[in-house]
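Numbering (the numbering used here), first residue to last: 3 to 101. Glycine included, every Cβ here is placed at the ideal spot set by N, Cα and C.
Structural data, given as structure tokens:
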């Protein structure tokens, strides 16, 4: 599976693995809508990510605006390269873009 979502007492953990593309976007958005608890923090694990496309990054950006806090721990090189390619480092990771 391209993603998994786990609710813990203090946060929601979203794990992205393999290829997460437009094919999974609707299912991911639906699952997030069903499982995101108001006031919950979100931790996104991209350590096993092999491919990600722009629509998933847009979904994560939207999630950043919805969740009270969001962190991207153990970000894969694939994830960071996609974030930089789309110019979203500041928006998603709260850091300046690498030049």
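Taking the alpha-carbon of residue i as reference, which of the options has the nearest alpha-carbon?
i: residue 71; options: 78, 13 and 8; result: 13
i: residue 16; options: 95, 89, 67 and 62; result: 62
i: residue 38; options: 95, 84 and 65; result: 65
i: residue 75; options: 94, 87 and 88; result: 94
Would you decide whether residue i is buried or exposed? Buried here means 16 or more other CB atoms lie within 10 Å of its CB.
i: residue 36; result: exposed
i: residue 29; result: exposed
i: residue 60; result: exposed
i: residue 69; result: buried
i: residue 24; result: exposed
Between the beta-carbon of residue i and the beta-carbon of residue j, is there less than 7 Å?
i: residue 48; j: residue 18; result: yes
i: residue 20; j: residue 45; result: no
In the region 62-86, which residue ranges form an unbroken beta strand (DSSP E) of at least 3 residues, counting only runs that do not cross its ends? Counting whole runs of 3 or more residues, the region 62-86 contains the beta strand (DSSP E) stretches 71-75.
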